[in-house]
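Enquirer: Mind having a look at this structure? Questions to follow.
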Amino acid sequence: MMSEKVLQSKKSDLPIILLGYMGCGKSTIGHLLAKDLALPYIDLDDYLRKIHGRSVTNLFIEYGEIGFRKLEKTALEDLLVSAQASVLSLGGGTPCYGDNMQYVIQSTPHTFYLSPSISTLCHRLYSEKDHRPMISHLTSKDKLQEFIAKHIFERKLYYQQANHHLYIQDETPQELVDKIVKELG
Ligand code: S3P
Numbered sequence: 031m032m033s034e035k036v037l038q039s040k041k042s043d044l045p046i047i048l049l050g051y052m053g054c055g056k057s058t059i060g061h062l063l064a065k066d067l068a069l070p071y072i073d074l075d076d077y078l079r080k081i082h083g084r085s086v087t088n089l090f091i092e093y094g095e096i097g098f099r100k101l102e103k104t105a106l107e108d109l110l111v112s113a114q115a116s117v118l119s120l121g122g123g124t125p126c127y128g129d130n131m132q133y134v135i136q137s138t139p140h141t142f143y144l145s146p147s148i149s150t151l152c153h154r155l156y157s158e159k160d161h162r163p164m165i166s167h168l169t170s171k172d173k174l175q176e177f178i179a180k181h182i183f184e185r186k187l188y189y190q191q192a193n194h195h196l197y198i199q200d201e202t203p204q205e206l207v208d209k210i211v212k213e214l215g
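Take our numbering: the final residue in the sequence shown is number 215, and no numbers are missing along the way.
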């Protein structure tokens with residue numbers, strides 16, 4: 031971990047945004063990064079949960095995916111309009127709807143795409159798939175892996191517009207945080 035002085039000098043006035051597929055580590059890394067930089071941490075899914083008083087799964091059930099995307103877009107705009115110094119993790123689908131990604135990259139240069147391998151994502155997501163409305167219908171690991179591969183292929187176009195790309199192998203969360211801090215320049 032870097033010294034307090036170095037970390038303070040990396041502190042940005044603009045949000046640092048983490049994006050990527052479900053299970054890529056946005057929350058784990060976001061929490062740690064915010065702690066190291068002494069910035070507030072915001073998770074867009076948690077923010078939605080708080081303002082609507084319902085879980086993401088229940089928002090999907092009540093409003094359908096399109097309805098959820100509209101709520102997600104409004105929440106993103108609310109958070110970015112003031113563009114305060116913070117670490118913000120987006121939902122896996124946030125960058126891929128409407129003009130969200132354009133809005134994100136216009137708001138801050140500090141956008142990080144976190145990209146582990148498909149097999150790592152599959153391994154992480156299989157045990158939690160029942161709480162995740164986008165993948166809860168997939169009944170085997172093979173089907174999940176195939177779904178993730180196709181889904182990422184479609185979404186990459188948006189994810190790759192981030193200014194920084196982290197292709198994750200076997201680094202620890204702290205090592206990834208240190209990489210992000212370095213890239214903040
Ligand atoms: C989604 C990802 C989830 C959540 C919702 C939809 C997606 O967020 O927003 O279930 O479309 O990839 P996380 O990536 O934070 O799990």
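For every residue, glycine included, the Cβ atom is placed at its ideal position computed from N, Cα and C.
Using only the alpha-carbon positions, how far apart do Asp75 and Ile46 sit?
Expert: On the sequence shown, residue 75 is found 45 positions in, with the first residue counted as 1. On the sequence shown, residue 46 is found 16 positions in, with the first residue counted as 1. C-alpha separation (whole angstroms): 16 Å.
Enquirer: Alpha carbon to alpha carbon, what distance is there between Leu120 and Leu49?
Expert: Indexing the sequence shown from 1 puts residue 49 at position 19. Indexing the sequence shown from 1 puts residue 120 at position 90. Roughly 5 Å separates the two Cα atoms.
Enquirer: Using three-state DSSP, classify Leu206 as helix, strand or coil.
Expert: Counted from its first residue, the sequence shown places residue 206 at position 176. Note: Leu206 maps to helix in three-state DSSP.
Enquirer: Tell me whether Glu201, by its Cβ, gets closer than 8 Å to a heavy atom of the ligand S3P.
Expert: Reading the sequence shown from its first residue, position 171 is the one you call residue 201. Incorrect: Glu201 has no Cβ contact closer than 8 Å to the ligand S3P.
Enquirer: In this structure, does DSSP put Asp76 in helix, strand or coil?
Expert: Residue 76 sits at position 46 when you count from the first residue of the sequence shown. Note: Asp76 maps to helix in three-state DSSP.
Enquirer: Could you give the distance in angstroms between the alpha-carbon of Leu101 and the alpha-carbon of Tyr93?
Expert: Indexing the sequence shown from 1 puts residue 101 at position 71. Indexing the sequence shown from 1 puts residue 93 at position 63. Distance between the alpha carbons of Leu101 and Tyr93: 9 Å.
Enquirer: Pick from Asn193, Tyr189, Ile81: whose alpha carbon is nearest that of Tyr51?
Expert: Here residue 51 refers to the residue found at position 21 when the sequence shown is read from its first residue. Checked all of Asn193, Tyr189, Ile81; the closest Cα to Tyr51 is Tyr189.
Enquirer: I'd like the ranges of any alpha helix (DSSP H) spanning at least 4 consecutive residues and lying wholly in the region 71-133.
Expert: Counting only runs of 4 or more, we get 74-82, 86-111.
Enquirer: Between Gly53 and the ligand S3P, is the CB less than 8 Å from at least one heavy atom?
Expert: The count along the sequence shown starts at 1 and reaches residue 53 at position 23. Within the cutoff, so yes.
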